[in-house]
Each structure stands twice: as structure tokens, then as C-alpha cells.
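Worksheet: one structure, shown below.
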Amino acid sequence: MAAPTALKRRLAQAGQVALTVGVLFWLFRDAGKREMMFQTLRGAHASWLLLGLLVAGIGEIAGILRWRIFLRAQGIDAGFRTVTRWFFVGLFFNMFLPGTTGGDMARLYYLWRDYPAHRRGAFLTLVADRLIGLIPLILAAALGTALNYKWLTQTTATSSLLFSTLLFCAGMAAVIALSFLYSGKSEIPRWVPAREKLGGLARAWGLFTRDGSQFTWALLLSMPVLFAYYGGFYCAARAVSAGASFAQIFTLMPIVTIITSLPISVAGLGLREGLFERLLGDLCGTPPEVASLVSLLGFLIFTVYGVIGAGVYLMSGRMEKRRLDEMETALKT
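Numbering-wise, my numbering puts 344 at position 3 of the sequence shown, and it's gapless, one number per residue.
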């Protein structure tokens, strides 16, 4: 069974890479469009990009603190510096490798290596981290839709994107509600769909909702995690004078975030640019080349932290090798 599963995973990843390359080629095949993008980029406001880096960094810090809350709830007190290192390595794998769980697997590797007695709890920290991050995302999508429904449904394309997003949010809200409902139950009824997977989510909630203060802090930290992500793209939009307001970007970002989270392309590349072109073009009158730049510059802002994660990963490897060499020398003497 292992070999077919690994083959399916590799085929899926190859499909993601192929689709990403194909969509990017299609979007930027026009030489005139590329030239206009370069001209716009030359006139971009660097101060807004630097502010975007700062805003994104605040979100990353909030993400580290949130995950550390879950770790400490499981008796894994690794220290802020160590947790930060694991977190940034996870960013690197999430940013640059195909698939949707590469970063989680990297973080899980370190946890299982250093805390083998907490394997189950370590895995549940990642599940809970993902679950609680969905709550503000769903709320943001619902609020943006309620306040700007007519604006979001001006065209057939934007209406379809909105309804797809709302359908996803409704499904995730149902999963979260059911898993929370059964978090204190010893057994989930057999008639419940996806009973085994729901049981895993319920166990995660059960472990992390016992302490109300920890759950509250984790939920509160989810707000800057999400809105720093939106803020990074807003700063990118201001950098190239995209003509979209703060409220408009924050209304559109849940749609972009949810659709690009699907395992279709590598890190959402290509798909995100197409969504920005459609949404900003139809609803804000933004030219396609500018809309694509908003997407690429926003992605670049967060890529900087993925590159930092790559450096942390390489340095961690050297430190581990040095530690092994010192241990080997000590044993010989």
C-alpha cells in the first residue's frame, strides 16, 4: 500500500508543478503585458513594500506564539527560540515545495525527534493550529460578504468565486462545529460522515479547550496571523497604486486565501495571480498587469520569511553536525 500511496503523492505534486508553470506561462505570455509590469514595478513605492515586510513579520510572530501555546498545553516547553526555528523551517517547506503539508511535516519531524514521548500530542498541536486559524478566516469571509454582497456579485465570474468561497466556509464551519461538539465524547456515532477523521479533530479540540485562557489567547492570536497576511497584500497594492482601498482588499482576500489554499498549484502561484486579475479587474478597475504585480509582490513579501527559513534550516543542519562531531570526539577520548 505504501508504494502506490507514494506514487499518487508524487503524481499529484508533478501535476501541481505542471499546472503552476502552465498557468504562469499563459498569464504572462504577452510581451506587452510583461513590459508594462516592469514599468509599473520601476515606479513602485519601496516604503510600502518595507511596511508590508514589517506587517508580515508581526503575523509570523503571532503564529509562533499561537503554536507555542498549543505545544505547552501538551507539555512540550521547547523554548521560544527553538519553536521559532522550527516554525521558520516549516515556512520554507510550505513556500517552496509542492503539496500542502510539507511545512507541517517538517515541524512534526523536529517534534518527534526531540520529544518522542509526545508524538500524538505533537501531531495534535498542528491539527489544532490549523483548525483555530480557520475561525477568523470564516468570520472574515462572512463579514465581508454581508457588508459588500452587491459589490462582490457585480459580474458572473466574481459571483461564482464568492459562492465557491462561501460553500467552502460553510463546509469548514460544519466540520469545526461537529468536531467541537464531539470533543468531550468518547465515541462518535457511526452515522456521522468521515467519522474517523472527525474523531481526530475532536481529540484536538478536547485537548486544547480544557484551559479556557489558553484557547482564548490562541484564538486572539489568530487575528493578527490572518490580518497581517491581508495587510501584506494591501501594502503591495499601495506600492503599485492598484486603486483598491483597504476595505476592498480585506473583502477580497478571504476569497483569494481560500481558493489558493486548495492543492492545485505550488504555493498558489499562477492561481493567485489569475484571481487578483479577475477580482481587482472586475471590481476595482485595476489593469491586469498591476493586479498581477499586487499578487507577485504580496507573495514576495512572505517569501522573504521563507528564505529566512531556508537559512535557518541550513544553519540547523550545520549545528546538528557539529554537535554530533563533538559527541563523537568526546566518546573517543
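Don't be surprised by glycine CBs; every beta carbon is placed ideally from N, CA and C.
- Boundaries of the alpha helix (DSSP H) harbouring residue 469: 460–493, taken from the DSSP string.
- A direct Cα-to-Cα measurement between residue 405 and residue 428 gives close to 7 Å.
- Between the alpha carbons of residue 403 and residue 645 lies a distance of about 17 Å.
- Rounded to the nearest whole angstrom, the CA to CA distance from residue 565 to residue 397 is 9 Å.
- Short of 6 Å from the beta carbon of residue 651, and not among the five residues preceding or following it, lie these beta carbons of its own chain, in chain order: 433.
- In the structure shown, residue 555 falls within a helical segment according to DSSP collapsed to helix, strand and coil.
- Inclusion of residue 357 and residue 605 in the CB contact set at 8 Å is warranted, their separation being smaller than that value.
- If you ignore the 5 residues before and after residue 495, its C-beta comes within less than 7 Å of the C-beta of 623 and 624, all in its own chain and listed in chain order.
- Sorting 484, 519 and 445 by C-alpha distance to the C-alpha of residue 506 places 484 at the top.
- Taking all protein chains shown into account, residue 490 has fewer than 16 neighbouring C-beta atoms within 10 Å of its C-beta and is therefore exposed.
- Annotation for residue 608: no alpha helix (DSSP H) segment contains it, and DSSP assigns it neither H nor E.
- Note that the region 561–575 touches the region 474–484; at least 3 beta-carbon pairs, one per stretch, sit closer than 8 Å.
- Relative to residue 355, the option among 421, 593 and 607 whose CA is nearest is 607.
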